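Numbering (the working numbering), first residue to last: 319 to 543. Yeah, the Cβ is synthetic: ideal placement off N, Cα and C, and Gly gets one too. Just so you know, these numbers come straight off a predicted model, no measurement behind them. Scroll down for the structure; my scribbles are underneath it.
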Ligand SMILES: [Zn+2]
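Right, here's the structure in full:
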């Protein structure tokens, strides 16, 4: 079987829009007594995966792809949602997002964007953004950690934190993923434990994506063992 690593296509001539999901003010927790790691509250990956999360998003420009980054995980257009539901219903689920237009921005938010990114950036926020949805996926196969060259660096029984890294680094490098074929659970798009929010897919997914002329993703074949 052929499996692919999915990357975001940021756009060739014109950069596609990114979504900016509403952030809640977070608090820095006290370090865990067992592993010493500090936990931030809330954990945005968990919030993102919670179907009921009531969140808002604005887009940072007016060039739309079907799959875009939201600074947490990927969000999808109405067209992509339909394609995913029809063809990959067992692999995907969705969470709602309230789309915020330029006109809907609060004065404080507009000021924050102007202060941080400048008034040109503020003007690029569209007035009539299309609807996007949070894409919710499952873990769909296991990695061969040794061949992928990553290791479990923290596995804390007290706070439940698991952190992976490439030996000698404090993060996971751009190593070639090796996915164990016999552990594949039958989903055509999925995550794997150890590589965070990186998405993977099958040949079938790539075919249907291309047939539907969707935009926003790039595919790179990975090793299957
Ligand atoms: Zn801990």
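Residue i beta carbon near ligand 1 (any heavy atom closer than 7 Å)
i	result
residue 356	no
residue 461	no
residue 480	no
residue 352	yes
residue 476	yes
Host alpha helix (DSSP H) of residue i (start-end)
i	result
residue 365	362 to 367
residue 493	Taken as a continuous stretch (DSSP letters only), residue 493 belongs to no alpha helix (DSSP H), as it is neither H nor E.
Opening and closing residue of the beta strand (DSSP E) in which residue i lies
i	result
residue 324	321 to 326
residue 262	Only positions 319 to 543 of the chain appear in this structure, which leaves residue 262 out of reach.
residue 508	507 to 510
residue 349	345 to 349
residue 388	Segment: none, residue 388 is in no beta strand (DSSP E) and carries neither H nor E.
Close Cβ partners of residue i (< 7 Å) along its chain, the five nearest in sequence each way excluded
i	result
residue 398	384, 385 and 532
residue 328	334
residue 484	467, 468, 490, 491 and 493
Own chain, CB closer than 8 Å to residue i, minus 5 neighbours either side, in chain order
i	result
residue 496	461, 462, 465, 466, 540, 541, 542 and 543
residue 419	376, 443, 444, 445, 446 and 447
residue 319	499, 502, 520, 521 and 542
Sequence-distant residues of its chain with Cβ nearer than 6 Å to residue i (five each side left out)
i	result
residue 392	385 and 453
Residue i in three-state terms, based on DSSP
i	result
residue 542	strand
residue 529	helix
residue 373	coil
residue 523	helix
Cβ-heavy atom distance, residue i to ligand 2, below 7 Å
i	result
residue 417	Among the ligands in the structure shown, ligand 2 does not appear; only ligand 1 can be found there.
Test: residue i CB closer than 8 Å to a CB of chain B
i	result
residue 465	Chain labels in this structure do not include chain B; a single protein chain is all it has.
Unbroken alpha helix (DSSP H) runs of length 4 or more, entirely within the region 397 to 483: which are they?
For secondary structure counted as the alpha helix (DSSP H) over 4 or more consecutive residues, the region 397 to 483 holds these complete runs in sequence order: 425 to 435, 437 to 441 and 463 to 466.
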